[in-house]
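Student:
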Amino acid sequence: MQQLAHFFKKLKKHHRKMILMIADLLIVSVCYLVTWMMLMGRISLHGYLPTMVLSGGVFIVVFFFVFLLFGMYESLWRYAEAYEFFKCCIAAVVSSATFVIISKALLIPPLVKQGVPISVYFLSAMLSGMATLYLRMMYRAYRTTRFGARNSSGAKKTLLVGAGHTGNAVLQDLHRAESSKYEIVCVVDDDPDKVGRTIQRVRVAGSTRDIPKLVDKHGIEVIIFAIPAASNQQKRRIMNLCAKTKCQLKKVPDLYEFVTDATSITSQLHDVSVEDLLGRDVIQISEGKNAYLSGKTVVVTGGGGSIGSELCRQIAAQNPKRLIIIDIYENNAYDIQQELVRKYGRKLDLHTEIASVRDTKKMDLLFMRYRPDIVYHAAAHKHVPLMEDAPEEAVKNNIYGTWNIARCADKYRVKRFVMISTDKAVNPTNIMGATKRVCEMIIQSMNQISKTEFVAVRFGNVLGSNGSVIPLFKQQIAAGGPVTVTHPDIIRYFMTISEAVSLVLKAGEMAHGGEIFVLDMGDPVRILDLAENLIRLSGYEPYTDIKIEFSGLRPGEKLFEELLMSEEGLRKTVNQKIFVGKPIDVNPSTLFDFLTTLKPIVWDNDTATVIEKLHELVPTFVIPQEHAESLLVSH
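Structure below.
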């Protein structure tokens, strides 16, 4: 049998089609003869032989013509679904009806006197249709049973989460495959009507709450999450539950329903990432070309960084007239430049400038050369502990770099200026946060005196960005631990890079000037939970295989971040995930005079005075030493 299966597998497509046609020919011929013998009994065929040959020929021609018309020899019957079998039934009915009509019109009248009953033609047509359908069903069942059994050998025991449409498709895909890494042992679903039933011969053994018990009972090695339509809260709950089992976690892509090619579902399975455990909604920008970006000259400062490079990617997709990347770090700038050149070639007018936003003359030269319509200002020092050790550098790059770019935008009549801010600017306890708060004040002040629309976009921590906590945790896990967490109660708001950039672009589209846009970041995440889940996703058990140590809050670090200053208030926008804070009154002249006075102090690297002046400029800024003392008192 195995040699026969191998032989059919090696046959070319037209050879397989020919074999199926021959099989149908034999079936139709046998059914026709059997029907004659059944209904005519022992009557001699001597007087009926011409009738049998003539009607038999018509019978075969009609069946093949209708089956060809219905595409019955084009389908892959090993993958056949209900539609193919329904189509086969319809083809058989049409064939039978056509044959009976032709027989009654051309053959029966002259032969009625010979005693040939009409039922011969009806029954032979019906029997042939049923037999050809049965052949295809048996072949489909054989393939499913054979390869399903063969797949079990050496495959990992797998639990499937979801008995809906997608779960059914995953099971079908695994049954069809000639080899697979997964053997679905059981299915779970939170619909009580499905529990206890079977889907594709696999039992729905319980709800998602039963996952730990089923993993232990069946020795499950892999869990596949197949509910792409689940709410983000459901995904977060279920995936966090699965993460605690130490099983390998896979998921069907969220956009599976939109895949139209022939790629199998199981080949598209992704590893569950720590981002999935956060259960966040992704903010999507409008489909198609964005009118306010299309045909515009756009500048992205810090274009080689995590946020800046993603800004460049999404802006490039919106058909800008020209895209200018400005970055001081040439390696990152080169990487994003080459990526965009490979993707867009000459379709994108791309320019990369290696320059510092601190350099007033160079920025003025670039703005005069390119005359941008829109500026996205992402260049900044953002590393909190390092900026605590070099506050004057944070002030130079963040505050004066922003002021330089903002003044160039005003001078060269830029339409919109969008600055990337941070939740650390709210009641800052570190140098980086304080400098970003001053940047927001600059943006609000410039908006009052300029025709350019200045706005800021504030959001929380970005997953996977350079210097963020997750890459650090992954490095520590790869080294065998320990994973260091500063405090067991520290929490943070998280979002993905694509979410952050989508918000920034949406803010630029919605801006009227002076706003501080704030994203609904959802629920905060405890960093300790994040570390534990990341260890489990890596196949280890926290505290047993990989230790977790608490290193204490770093200079300038606080237990939680605030997304909005209390005095700013909050109002909704047309996007339910985006809010706008009411601008704080800032006197532009007072602010700019202060910055002018502060500049020589900064460039003299007078650290103590710089910190003192920041505290004066931002009343809500708590000097890190004071913050550390307050933490000691409260704990």
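Residues 1 to 635 in UniProt numbering are what the sequence shown spells out, letter by letter.
In this text, a Cβ means the ideal position worked out from N, Cα and C, and glycines have one as well.
1) How far does the beta strand (DSSP E) with Cys439 in it extend, from its first residue to its last?
2) On the DSSP letters alone, give me the boundaries of the beta strand (DSSP E) that Lys424 sits inside.
3) Pick from Ile326, His175, Val187, Lys235: whose alpha carbon is nearest that of Val204?
4) Work out the CA separation of Ile238 and Met138 for me, nearest whole Å.
5) Can you give me the Cβ contacts of Leu135 inside the same chain, cut-off strictly under 8 Å, excluding the 5 residues immediately before and after it?
6) Tell me which residues share the same chain as Phe367 and place their Cβ nearer than 6 Å to its Cβ, disregarding the 5 neighbours each side in the sequence.
7) For Leu348, which residues of its own chain have a beta-carbon under 7 Å away from its beta-carbon, when the five flanking residues on both sides are left out?
8) Output the boundary residues of the beta strand (DSSP E) element that contains Ala456.
9) Name the residue from Arg526, Val418, Ser551 whose alpha carbon lies nearest to the alpha carbon of Ser502.
10) For the structure I just gave you, are there three or more beta carbon pairs, one from the region 443 to 454 and one from the region 536 to 556, closer than 8 Å?
11) Which same chain residues end up closer than 7 Å to Val622 when comparing Cβ atoms and leaving out the 5 residues on each side of it in sequence?
12) Hey, how far is the Cα of His377 from the Cα of Val298?
13) Taking the straight line between their C-alpha atoms, what separation do you get for Ile546 and Pro471?
14) Can you check whether the CB of Val483 is closer than 7 Å to the CB of Arg475?
15) Should Gly305 be labelled buried (16 or more other beta-carbon atoms within 10 Å of its own) or exposed?
16) Would you kindly report the start and end of the unbroken beta strand (DSSP E) that includes Thr607?
17) Pull up the distance between the alpha-carbon of residue 718 and that of Thr166, whole angstroms please.
18) Within this structure, are the beta carbons of Ser421 and Ala456 separated by less than 7 Å?
19) Could you please give the first and the last residue of the uninterrupted beta strand (DSSP E) stretch that includes Gly522?
20) Determine the DSSP secondary structure at Asp271, reduced to helix, strand or coil.
21) Going by Cα to Cα distance, which pick from Val395, Glu515, Tyr182, Ala479 is closest to Lys599?
22) Rounded to the nearest angstrom, what separates Leu570 and Gly162 at their Cα positions?
23) How big is the Cα-Cα spacing for Arg201 and Gly308?
24) Taking the CB atoms as reference points, tell me whether Ile354 and Arg416 lie closer together than 7 Å.
25) Gly514 to Gly401, Cα distance in whole Å?
26) For Asn587, does the three-state DSSP call read helix, strand or coil?
27) Which value, in whole angstroms, describes the spacing of the CA atoms of His270 and Gly206?
28) How should Glu541 be labelled, buried or exposed, when 16 other C-beta atoms within 10 angstroms of its C-beta is the threshold for buried?
29) Over the uninterrupted beta strand (DSSP E) stretch that includes Leu159, give me the two end residues.
30) Note down, in chain order, each residue of its chain lying with its Cβ closer than 7 Å to the Cβ of Pro391, except the 5 sequence neighbours on either side.
31) According to DSSP, is Gln248 helix, strand or coil?
32) Which value, in whole angstroms, describes the spacing of the CA atoms of Leu35 and Asp193?
33) Taking 7 Å as the cut-off, decide whether the C-beta atoms of Asp423 and Gly460 are in contact.
34) Quick test of your reading: Ile578 and Pro524, contact by CB under 8 Å. State the CB separation rounded to the nearest angstrom.
35) Give the single residue among Gly57, Gly481, Gln234, Ile584 whose Cα lies nearest to the Cα of Leu277.
36) Helix, strand or coil: which one does DSSP assign to Ile307?
Tutor: Short version:
1) The sequence position of residue 439 within the sequence shown is 439, counting from 1. First-last for Cys439: 431 to 449, but that is the alpha helix (DSSP H), not the beta strand (DSSP E).
2) Translated into positions along the sequence shown, residue 424 becomes position 424. Taken as a continuous stretch (DSSP letters only), Lys424 belongs to no beta strand (DSSP E), as it is neither H nor E.
3) By 1-based counting over the sequence shown, the position of residue 204 is 204. It is Val187 whose Cα lies nearest to the Cα of Val204.
4) Here residue 138 refers to the residue found at position 138 of the sequence shown. Here residue 238 refers to the residue found at position 238 of the sequence shown. Met138 and Ile238: Cα-Cα distance of roughly 39 Å.
5) Within the sequence shown, numbered from 1, the residue matching residue 135 stands at position 135. Result list for Leu135: Ala23, Asp24, Ile27, in chain order.
6) Position 367 of the sequence shown, counting from 1, holds the residue named residue 367. Taken in chain order, the residues that qualify are Cys408, Tyr412.
7) Locating residue 348 in the sequence shown gives position 348, where the first residue counts as 1. Within the same chain, Ala316, Leu323, Leu340 come within 7 Å of Leu348 by CB-CB distance, once the 5 residues on both sides are set aside.
8) Here residue 456 corresponds to residue number 456 of the sequence shown, with the count starting at 1. Taken as a continuous stretch (DSSP letters only), the beta strand (DSSP E) holding Ala456 covers 453 to 458.
9) In the sequence shown, counting from the first residue as 1, residue 502 sits at position 502. Among Arg526, Val418, Ser551, the Cα nearest to that of Ser502 is on Val418.
10) no
11) The residue you call residue 622 lines up with position 622 of the sequence shown. Cβ neighbours of Val622 beyond the five flanking positions: Thr429.
12) Working through the sequence shown from its first residue, we reach residue 377 at position 377. Working through the sequence shown from its first residue, we reach residue 298 at position 298. Cα-Cα distance, rounded: 11 Å.
13) Within the sequence shown, the letter at position 546 stands for residue 546. Within the sequence shown, the letter at position 471 stands for residue 471. Going by the C-alpha atoms only, they are around 16 Å apart.
14) Taking the first residue of the sequence shown as position 1, residue 475 is located at position 475. Taking the first residue of the sequence shown as position 1, residue 483 is located at position 483. Inspection of the sequence shows that residue 475 is occupied by Gln rather than by Arg. No.
15) Here the question's residue 305 lines up with position 305 in the sequence shown. Buried, since its Cβ has 16 or more Cβ neighbours within 10 Å.
16) One-based indexing of the sequence shown puts residue 607 at position 607. Counting along the chain, Thr607 falls outside any beta strand (DSSP E), though it belongs to the alpha helix (DSSP H) covering 607 to 617.
17) This structure gives no information on residue 718, because the portion of the chain shown stretches from 1 to 635.
18) By 1-based counting over the sequence shown, the position of residue 421 is 421. By 1-based counting over the sequence shown, the position of residue 456 is 456. Against a cut-off of 7 Å, the Cβ pair of Ala456 and Ser421 comes out as a contact.
19) Translated into the one-based positions of the sequence shown, residue 522 becomes position 522. First-last for Gly522: undefined, no H or E at that position.
20) Position 271 of the sequence shown, counting from 1, holds the residue named residue 271. In this structure, Asp271 counts as strand in the three-state DSSP scheme.
21) Stepping through the sequence shown from its first residue, residue 599 is reached at position 599. Comparing Cα positions, the closest option is Val395.
22) Along the sequence shown, one-based indexing puts residue 570 at 570. Along the sequence shown, one-based indexing puts residue 162 at 162. If I take the Cα positions, the gap works out to 39 Å.
23) Numbered from 1 along the sequence shown, position 201 holds the residue referred to as residue 201. Numbered from 1 along the sequence shown, position 308 holds the residue referred to as residue 308. Answer to the nearest angstrom: the Cα atoms are 50 Å apart.
24) As a first step, residue 354 must be located in the sequence shown, where it is residue number 354. As a first step, residue 416 must be located in the sequence shown, where it is residue number 416. For Ile354 and Arg416, no; Cβs fall outside 7 Å.
25) Counting from 1 along the sequence shown, the entry for residue 514 is found at position 514. Counting from 1 along the sequence shown, the entry for residue 401 is found at position 401. Each residue's alpha carbon lies about 19 Å from the other.
26) Along the sequence shown, one-based indexing puts residue 587 at 587. Looking at Asn587 - three-state DSSP - the assignment turns out to be coil, as it is neither helix nor strand.
27) In the sequence shown, counting from the first residue as 1, residue 270 sits at position 270. In the sequence shown, counting from the first residue as 1, residue 206 sits at position 206. Cα to Cα, the separation comes out at about 24 Å.
28) The sequence position of residue 541 within the sequence shown is 541, counting from 1. By the neighbour-count rule (16 or more Cβ atoms within 10 Å), Glu541 is not buried but exposed.
29) By one-based count along the sequence shown, residue 159 stands at place 159. That run of the beta strand (DSSP E) goes 156 to 161.
30) As a working note, residue 391 is residue 391 in the sequence shown. Once the five neighbours on either side are set aside, the close Cβ partners of Pro391 are Ile431, Thr607, Val610, Ile611.
31) The sequence position of residue 248 within the sequence shown is 248, counting from 1. Strand at Gln248.
32) Taking the sequence shown and counting its residues from 1, one reaches residue 35 at position 35. Taking the sequence shown and counting its residues from 1, one reaches residue 193 at position 193. The residue you asked about is not Leu; residue 35 is Thr in the sequence shown. Between Thr35 and Asp193, the C-alpha separation is close to 46 Å.
33) Position 423 of the sequence shown, counted from the first residue, corresponds to residue 423. Position 460 of the sequence shown, counted from the first residue, corresponds to residue 460. In this structure, Gly460 lies closer than 7 Å to Asp423 by Cβ.
34) Position 578 of the sequence shown, counting from 1, holds the residue named residue 578. Position 524 of the sequence shown, counting from 1, holds the residue named residue 524. The Cβ separation is near 18 Å, so there is no contact.
35) Translated into the one-based positions of the sequence shown, residue 277 becomes position 277. Among Gly57, Gly481, Gln234, Ile584, the Cα nearest to that of Leu277 belongs to Gln234.
36) Taking the first residue of the sequence shown as position 1, residue 307 is located at position 307. In the structure shown, Ile307 sits in a helix (DSSP, three-state: H, G or I).
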